[in-house]
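Okay, structure first, notes after.
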Amino acid sequence: MQKELIEMKQAITLMLEDKTRREKKISSMRTKKKTAPGKIKKLSESLRKKKLESEHKFV
């Protein structure tokens with residue numbers, strides 16, 4: 001009986017650790033998803049400015 005309780009406790013601990021890991025990963029993915037549009041906008045603006053600068057150099 002004692003051995004079974006220990007095994008159950010270990011199984012529950014592993015399940016909780018796995019759940020915590022998955023929740024952290026999901027949270028990280030949500031954060032990246034929220035910040036991605038802003039990063040894309042900044043990169044697009046930077047690229048547009050560099051294109052304009054390079055066009056003026058050749059004129």
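Counting from 1, position 45 in the sequence shown corresponds to residue 45 in full-length UniProt numbering; the numbering is continuous, with no gaps. Ideal Cβ placement from N, Cα and C applies to all residues, glycine included.
Alpha-carbon spacing of residue i relative to residue j, whole angstroms
{"i": "residue 78", "j": "K57", "result": "Past the boundaries of the shown model lies residue 78; the chain is included only from 1 to 59, so the question cannot be answered."}
{"i": "K42", "j": "S54", "result": "18 Å"}
{"i": "T13", "j": "T20", "result": "11 Å"}
{"i": "T4", "j": "A11", "result": "A small fix is needed here, since residue 4 is Glu in this sequence, not Thr. Rounded to the nearest angstrom, the two C-alpha atoms are 10 Å apart."}
{"i": "K40", "j": "Q2", "result": "Per the sequence shown, the amino acid found at residue 40 is Ile instead of Lys. Roughly 57 Å between the two C-alpha positions."}
{"i": "R22", "j": "E45", "result": "35 Å"}
{"i": "Q17", "j": "K24", "result": "The residue asked about is misnamed: residue 17 is Glu in this sequence, not Gln. Near 11 Å, if we compare the C-alpha coordinates of K24 and E17."}
{"i": "K32", "j": "I6", "result": "39 Å"}
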